[in-house]
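Colleague: Sequential numbering from 6 applies to the sequence shown in the working numbering. Just so it is clear, CB atoms sit at the ideal spot from N, CA and C, and this is done for glycine as well. Just so it is clear, the structure is predicted and the values come from calculations on it, not from any experiment.
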Amino acid sequence: MSIDSRDPIIQIGPGPELPPWISPGPDPVTPPFPPETEPGSVIPPVQDIPKVKIKSLFSNAFIIVGYNDVLYAVAAIAQQGETFKIIPINNYQVKLRIVGGQFVRIDYNGALVADANKNNATIFNIFRTGYMEFSLMAPQGKYVNVRQRDSMLVAKSEYASPRTKFKFRNAD
Numbered sequence: 006m007s008i009d010s011r012d013p014i015i016q017i018g019p020g021p022e023l024p025p026w027i028s029p030g031p032d033p034v035t036p037p038f039p040p041e042t043e044p045g046s047v048i049p050p051v052q053d054i055p056k057v058k059i060k061s062l063f064s065n066a067f068i069i070v071g072y073n074d075v076l077y078a079v080a081a082i083a084q085q086g087e088t089f090k091i092i093p094i095n096n097y098q099v100k101l102r103i104v105g106g107q108f109v110r111i112d113y114n115g116a117l118v119a120d121a122n123k124n125n126a127t128i129f130n131i132f133r134t135g136y137m138e139f140s141l142m143a144p145q146g147k148y149v150n151v152r153q154r155d156s157m158l159v160a161k162s163e164y165a166s167p168r169t170k171f172k173f174r175n176a177d
């Protein structure tokens, strides 16, 4: 008995759903971050300079100043983390300053270091990724992320990812 001689199968009710047809062409170009993280007014200009604790959502730790004034995401509780002032430059650019300390800059290796005066501080682009969640982009176009091997903050990520998201918690 061959397949051609079989009786047709009669189906009652809806048939199986077919998967959507996928074109064999090249993949579509996707932007480096979703639309909700586009630059926009993050800190209203009339608002006081906020004091915040910054927590990495990737490592679930607060930011501290460690050896050679380099920033690390290693503090288990908010009281151990540094308090930062967010100083707005315009609607989507900021400088970071340790309360009672120095401004944050990026060194030649991409590490974030808290040893600069206000003239040498790095101006970061800031992107909202959720409620009180932000990503920071350095002037060279790299996102600040938490390096996995030592939890150091470095500006070396090409694209926004879970490693580049930080939660800002009011310290006032």
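State whether the region 147-157 contacts the region 93-110, with contact taken as three or more CB pairs (one from each stretch) at a distance under 8 Å.
Modeller: No, the region 147-157 is not in contact with the region 93-110.
Colleague: Entirely within the region 132-163 and at least 3 residues each: give me those beta strand (DSSP E) ranges in chain order.
Modeller: Complete beta strand (DSSP E) runs here, min 3: 138-142, 148-151, 158-162.
Colleague: The beta strand (DSSP E) spanning Ser166 covers which residue range?
Modeller: Here Ser166 belongs to no beta strand (DSSP E), and DSSP marks it neither H nor E.
Colleague: Rounded to a whole number of angstroms, what is the C-alpha to C-alpha distance between Ala176 and Thr88?
Modeller: When rounded, the distance between both Cα atoms is 7 Å.
Colleague: Can you tell me whether Ile111 is buried or exposed, with buried defined as 16 or more other CB within 10 angstroms of its CB?
Modeller: It is buried - the Cβ of Ile111 has at least 16 other Cβ atoms within 10 Å.
Colleague: Nearest-angstrom Cα distance between Gly86 and Tyr136?
Modeller: When rounded, the distance between both Cα atoms is 20 Å.
Colleague: Please tell me whether Phe171 and Lys60 are closer than 8 Å, where the distance is taken between their beta carbons.
Modeller: Closer than 8 Å, so yes.
Colleague: I'd like to check one pair, Lys58 with Ala81: are the Cβ atoms closer than 8 Å?
Modeller: Not in contact: Ala81 and Lys58 (Cβ atoms no closer than 8 Å).
Colleague: Express the C-alpha separation of Lys147 and Arg168 in angstroms, rounding to a whole number.
Modeller: Taking the straight line from one Cα to the other gives about 13 Å.
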